[in-house]
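Take any residue in the sequence shown, count from 1 to its spot, add 13: that is its number in this note's numbering.
Glycine included, C-beta positions come from ideal geometry on N, C-alpha and C.
From a predicted model like this one, the values you see are computed outputs, not experimental measurements.
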Amino acid sequence: MVTEHDHICWGGGIHHHGGHALSVSGLYVRYRDVEALQDICFSTHCGHTVALMGPNGAGKSTLIHAMAGLIRPQAGSMQWNGQDLRQTRHEIAFVPQRSTVNWQFPITVRHLVEMGRYPNLGLWKKASEHDHHIVSKALETLKLTDLQHRRISELSGGQQQRAFLARALAQEAHILLLDEPFTGLDVPGMESLGKQLRELAAEGRLIIASHHNLNNAADLFDQTLLLNKTSIAFGPTRDVLTGENIFRAFGFHHTPGIQA
Numbered sequence: 014m015v016t017e018h019d020h021i022c023w024g025g026g027i028h029h030h031g032g033h034a035l036s037v038s039g040l041y042v043r044y045r046d047v048e049a050l051q052d053i054c055f056s057t058h059c060g061h062t063v064a065l066m067g068p069n070g071a072g073k074s075t076l077i078h079a080m081a082g083l084i085r086p087q088a089g090s091m092q093w094n095g096q097d098l099r100q101t102r103h104e105i106a107f108v109p110q111r112s113t114v115n116w117q118f119p120i121t122v123r124h125l126v127e128m129g130r131y132p133n134l135g136l137w138k139k140a141s142e143h144d145h146h147i148v149s150k151a152l153e154t155l156k157l158t159d160l161q162h163r164r165i166s167e168l169s170g171g172q173q174q175r176a177f178l179a180r181a182l183a184q185e186a187h188i189l190l191l192d193e194p195f196t197g198l199d200v201p202g203m204e205s206l207g208k209q210l211r212e213l214a215a216e217g218r219l220i221i222a223s224h225h226n227l228n229n230a231a232d233l234f235d236q237t238l239l240l241n242k243t244s245i246a247f248g249p250t251r252d253v254l255t256g257e258n259i260f261r262a263f264g265f266h267h268t269p270g271i272q273a
């Protein structure tokens, strides 16, 4: 695993920036009169896979959306390398839940992945050889080269998830935010996606994903933020998912085989 001082970027090898660190402190998010998040605090850095875990309504997706810049918190700070997260949006890629995507939209896998280059191109700039190379590399990394000319509606659930992940890679983002990426996948699909996320983190990216399965979290993520509207515990997954912490978050004692 890379250290907090290393980061691999496709645009130019390993860079040293004094640590690719993400820090969230005192974060509050309110929907009208409802407090969705209260005093969320954690910090991590590139090279990790981080699970956001808690019961339904705990604020997992809300936290993902806040970090992605899709909703504005009422209070608190989110910093990436000491800068406000809102000033570094080009370094963040968001992968939505599969259930929120219109998979009948007539677009090929390659065209979907090319959309990841749009933040770099702007409105009128034409794609360069470098842009085409990055798109091809993203397809190759996610093992989608042979499927690049298929429409996304023709893909399996696991292939669809990989296609959106490839779009995030094409953006050359350092932080990948995924909303329930394993939902709806069969066991081989979960294992394949988990392996790919670990490989992307090992290259120096930070992977943060909402997740609900207590049984396989330690196999998929090396760190976990356990929350129920507020932070309950953060750290190595096996240290966080103790019986006491799970009871504090979910209100029940976990039995292996039961999903949260």
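query = Hey, would you say histidine 224 sits closer than 7 angstroms to alanine 231, going by beta carbons?
reply = By 1-based counting over the sequence shown, the position of residue 224 is 211. By 1-based counting over the sequence shown, the position of residue 231 is 218. No, these two residues do not count as a Cβ contact at 7 angstroms.
- request: Give me whichever residues DSSP pairs with aspartate 97 in a beta bridge.
  value: Residue numbering aside, residue 97 sits at position 84 when the sequence shown is read from its first letter. Gln92.
Check your understanding: Quick one: what's leucine 189 bridged to in DSSP?
Key -> As a working mapping, residue 189 is identified with position 176 in the sequence shown. Leucine 189 is bridged to Ala106 and Ile220.
Note to self: Excluding the 5 residues flanking phenylalanine 265 on each side, which residues of the same chain have their C-beta closer than 6 angstroms to its C-beta?
What the structure shows: Position 252 of the sequence shown, counted from the start, is the residue given in the question as residue 265. Counting only Cβ-Cβ distances below 6 angstroms, and skipping sequence neighbours, we find nothing.
* Asked: Which partner residues of arginine 164 appear in the DSSP bridge assignment?
  -> If you number the sequence shown from 1, residue 164 lands on position 151. By DSSP's assignment, arginine 164 forms a beta bridge with Thr121.
Quiz item: Can you tell which of Leu240, His146, Glu212 and Ser141 has the C-alpha that lies nearest to the C-alpha of glycine 60?
Solution: Walking along the sequence shown from the start, residue 60 turns up at place 47. The shortest C-alpha separation from glycine 60 is found at Glu212.
**Report entry** leucine 83 classed as buried or exposed, judged by whether at least 16 other C-beta atoms fall within 10 angstroms
**Finding:** As a working mapping, residue 83 is identified with position 70 in the sequence shown. Exposed, by the Cβ-count rule.
Indicate whether leucine 125 and alanine 186 have their beta-carbon atoms separated by less than 7 angstroms. Within the sequence shown, the letter at position 112 stands for residue 125. Within the sequence shown, the letter at position 173 stands for residue 186. No, they are not a contact pair.
Determine the extent of the beta strand (DSSP E) in which valine 47 is found, giving its start and end residues.
-> For the purposes of this step, residue 47 is taken as residue 34 along the sequence shown, with counting starting at 1. Note, valine 47: beta strand (DSSP E), 47–58.
How close, in whole Å, do the beta carbons of glycine 39 and cysteine 54 come, if the pair is a contact with beta carbons under 8 angstroms?
Translated into the one-based positions of the sequence shown, residue 39 becomes position 26. Translated into the one-based positions of the sequence shown, residue 54 becomes position 41. 6 angstroms between Cβ atoms; contact.
>> Closest to asparagine 241 by C-alpha separation, out of Leu190, Gly72 and Arg45, would be which residue?
In response: Along the sequence shown, one-based indexing puts residue 241 at 228. Comparing Cα-Cα distances from asparagine 241 to each of Leu190, Gly72 and Arg45, the minimum goes to Gly72.
_Quick check on proline 119: buried or exposed, where buried means 16 or more other Cβ atoms within 10 Å of its Cβ?_
Along the sequence shown, read from residue 1 onward, the residue named residue 119 stands at position 106. When all chains shown are included, proline 119 counts as exposed.
| What are the partner residues of methionine 66, as DSSP defines its beta bridges? | Indexing the sequence shown from 1 puts residue 66 at position 53. According to DSSP, methionine 66 bridges with Leu239.
Of the choices Arg164, His146 and Gln236, whose alpha-carbon is the least far from that of leucine 227?
-> The residue labelled residue 227 in the question sits at position 214 within the sequence shown. Looking at the Cα atoms, Gln236 is the closest of the given residues.
| message | Under 8 angstroms, with one C-beta from each stretch per pair, do the region 106–117 and the region 187–205 reach the 3-pair mark? | response | Touching, yes, given that three or more Cβ pairs across the two stretches are closer than 8 angstroms.
#### Entry: DSSP three-state assignment for glycine 26, whether helix, strand or coil
Start at 1 with the first residue of the sequence shown, and residue 26 comes out as number 13. Any reading at glycine 26 needs caution, since the residue's pLDDT is 41, under 50, leaving its predicted position unreliable; the model's value is listed next. Three-state result, glycine 26: strand.
Item to check | Cβ neighbours of serine 149 in the same chain (closer than 8 angstroms, five flanking residues each side left out) | outcome: Reading the sequence shown from its first residue, position 136 is the one you call residue 149. So the list reads Thr158, once near-sequence residues are dropped.
*By how many angstroms is the C-alpha of leucine 233 removed from the C-alpha of glutamate 204?*
One-based indexing of the sequence shown puts residue 204 at position 191. One-based indexing of the sequence shown puts residue 233 at position 220. Approximately 8 angstroms, taken between the alpha carbons.
Can you tell me whether serine 169 is helix, strand or coil according to DSSP? Walking along the sequence shown from the start, residue 169 turns up at place 156. Looking at serine 169 - three-state DSSP - the assignment turns out to be coil, as it is neither helix nor strand.
* Under 6 angstroms Cβ to Cβ from leucine 210, same chain only, skipping five residues before and after it: list those, please. => Residue 210 sits at position 197 when you count from the first residue of the sequence shown. The answer, listed in chain order, is Thr62 and Ile220.
request  = Can you tell me the Cβ-Cβ gap for lysine 33 and asparagine 115, rounded? I've got them flagged as a contact below 8 angstroms.
outcome  = The residue labelled residue 33 in the question sits at position 20 within the sequence shown. The residue labelled residue 115 in the question sits at position 102 within the sequence shown. First, the residue type needs correcting, since residue 33 is histidine and not lysine in the sequence shown. With 8 angstroms as the limit, histidine 33 and asparagine 115 do not qualify as a contact, their Cβ atoms being about 34 angstroms apart.
State the CB to CB distance for the pair alanine 222 and alanine 64, rounded to an integer number of angstroms; the pair is presumed to be in contact (CB under 8 angstroms). Against the sequence shown, residue 222 aligns to sequence position 209. Against the sequence shown, residue 64 aligns to sequence position 51. Your pair alanine 222 and alanine 64 checks out as a contact, with CB atoms roughly 6 angstroms apart and the cut at 8 angstroms.
In or out: serine 244 buried (at least 16 other Cβ within 10 Å) or exposed?
The count along the sequence shown starts at 1 and reaches residue 244 at position 231. Buried, since its Cβ has 16 or more Cβ neighbours within 10 Å.
When you compare only the Cα positions, how much space is there between leucine 76 and histidine 145?
The sequence position of residue 76 within the sequence shown is 63, counting from 1. The sequence position of residue 145 within the sequence shown is 132, counting from 1. Approximately 33 angstroms between the Cα atoms of the pair.
* Look at the alpha carbon of valine 253 and the alpha carbon of glutamine 173, and state the distance between them as a whole number of angstroms. => Here residue 253 refers to the residue found at position 240 when the sequence shown is read from its first residue. Here residue 173 refers to the residue found at position 160 when the sequence shown is read from its first residue. Near 31 angstroms, if we compare the C-alpha coordinates of glutamine 173 and valine 253.
Does the distance from the CB of methionine 91 to the CB of valine 47 come in under 7 angstroms?
Taking the first residue of the sequence shown as position 1, residue 91 is located at position 78. Taking the first residue of the sequence shown as position 1, residue 47 is located at position 34. The answer is no: Cβ separation not under 7 angstroms.
**Report entry** Through-space distance from leucine 238 to glycine 248, alpha-carbon basis
**Finding:** The sequence position of residue 248 within the sequence shown is 235, counting from 1. The sequence position of residue 238 within the sequence shown is 225, counting from 1. Near 7 angstroms, if we compare the C-alpha coordinates of leucine 238 and glycine 248.
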